[in-house]
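Colleague: Below you'll find the structure I mean.
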Amino acid sequence: MSHINLTLSGVSTPEDLNRVTTALMMVDGVESVDIGREWAEVEGRVSRDAL
Numbered sequence: 581m582s583h584i585n586l587t588l589s590g591v592s593t594p595e596d597l598n599r600v601t602t603a604l605m606m607v608d609g610v611e612s613v614d615i616g617r618e619w620a621e622v623e624g625r626v627s628r629d630a631l
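If you read the sequence shown in our numbering, its first letter stands for residue 581, the second for the next number, and so on.
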């Protein structure tokens, strides 16, 4: 299982966080997502390119 850290920009509201979380969880192979205004941590069987 891979652990990928992403840097986010332009995320400023709770609705933005929800949209990003939903989009990441819909990618095949993603098992979990932790997210903040400037970062996201993705775990699962997914490549950085797929995200």
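Every residue gets a Cβ at the ideal spot worked out from N, C-alpha and C, and that includes glycine.
Compare the beta carbon distance of residue 630 and residue 600 with 8 Å and say whether it is the shorter of the two.
Modeller: Taking 8 Å as the Cβ cut-off, residue 630 and residue 600 do not qualify as a contacting pair.
Colleague: Give me, in chain order, the residues of the same chain whose beta-carbon lies closer than 7 Å to that of residue 618; leave out the 5 immediate sequence neighbours on both sides.
Modeller: 587 and 588
Colleague: So the beta strand (DSSP E) residue 620 belongs to, where does it begin and stop?
Modeller: 619 to 624
Colleague: Which residue's Cα is closest to the Cα of residue 609: 594, 590, 623 and 585?
Modeller: 623
Colleague: Can you give the Cα-Cα distance for residue 605 and residue 613, rounded to whole angstroms?
Modeller: 7 Å
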